[in-house]
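Below you'll find the structure, written out as structure tokens, and then a few comments.
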């Protein structure tokens, strides 16, 4: 039953482009079951960009983490095995129409309430989380 209590899910994925679709569909199900259908489209876009970057730019495993804080914020993060910070995103309107590189984090920056990155480790590997927040209210 939907509610406002905090929750936390983590989906560990292999370095496989198909994992992006698995993450997107899992995120849709999580948000729908928690009564947050209004966030699904934006959350899917953001998670797709974060997980795509993790799979595309690293060679190791990755993870999608989705949680709702006690304050009602939905936090979406992608962990990968590269400890280097992501490049700073350019504004979306400065990215040429057909250019693929640089668009993902620009979309995250444009649609998330907040975003950032932090060093982290999983599976004994150093890496980072790139995350964003969406207000659930």
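Numbering (the working numbering), first residue to last: 361 to 497. Yeah, the Cβ is synthetic: ideal placement off N, Cα and C, and Gly gets one too. Note that the coordinates shown come from a computational prediction; the quantities given were computed from them, not determined experimentally.
Query: Whole-angstrom distance between residue 426 and residue 391, CA atom to CA atom; Result: 9 Å
Query: Cutoff 7 Å; reference residue 383; Cβ partners in own chain excluding five residues on either side; Result: 371, 373, 407, 411, 424
Query: Inter-residue Cα distance where the pair is residue 430 and residue 365; Result: 6 Å
Query: Cα-Cα separation, residue 490 to residue 444; Result: 11 Å
Query: 9 Å Cβ cutoff met for residue 492 and residue 435; Result: yes
Query: Residues near residue 464 in its chain [Cβ-Cβ closer than 7 Å; skip 5 each side]; Result: 409, 412, 413
Query: Residues near residue 472 in its chain [Cβ-Cβ closer than 7 Å; skip 5 each side]; Result: 406, 492, 493, 494
Query: Ordered list of beta strand (DSSP E) runs contained in the segment 377 to 444, each at least 3 residues; Result: 422 to 428, 433 to 440
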